[in-house]
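Numbering (this note's numbering), first residue to last: 69 to 134.
Built from N, CA and C at the ideal position, the CB exists for glycine as well.
All values derive from a computational prediction rather than experimental measurement.
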């Protein structure tokens, strides 16, 4: 998803360079949305990974001590 955000950012920069303001504005808007969606999904995956690591650690610790 971050790849798409970068692609739309590059499209916006090229469009702005050639004077296509409408296309550049639209592409920058899409890039911003994709970037923030990527950041939100990244944070959710970090939290989920941390919670799963704690659960796995607890299961392993309980198995070893039994």
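Rounded distance between the beta-carbons of residue j and residue i, thought under 8 Å
i, j, result
"residue 95", "residue 76", "5 Å"
"residue 83", "residue 92", "4 Å"
Straight-line Cα distance separating residue j from residue i
i, j, result
"residue 113", "residue 103", "15 Å"
"residue 86", "residue 71", "23 Å"
"residue 131", "residue 73", "44 Å"
"residue 88", "residue 128", "59 Å"
"residue 90", "residue 81", "12 Å"
Assigned exposure category for residue i - 16 Cβ within 10 Å defines buried
i, result
"residue 116", "exposed"
Worksheet item: Between the region 101-108 and the region 119-132, are three or more C-beta pairs nearer than 8 Å?
Response: Touching, no, given that fewer than three Cβ pairs across the two stretches are closer than 8 Å.
Worksheet item: What residue ranges within the region 84-109 form continuous alpha helix (DSSP H) runs of no fewer than 4 residues, ordered along the chain?
Response: DSSP runs (the alpha helix (DSSP H)) wholly in the region 84-109: none.
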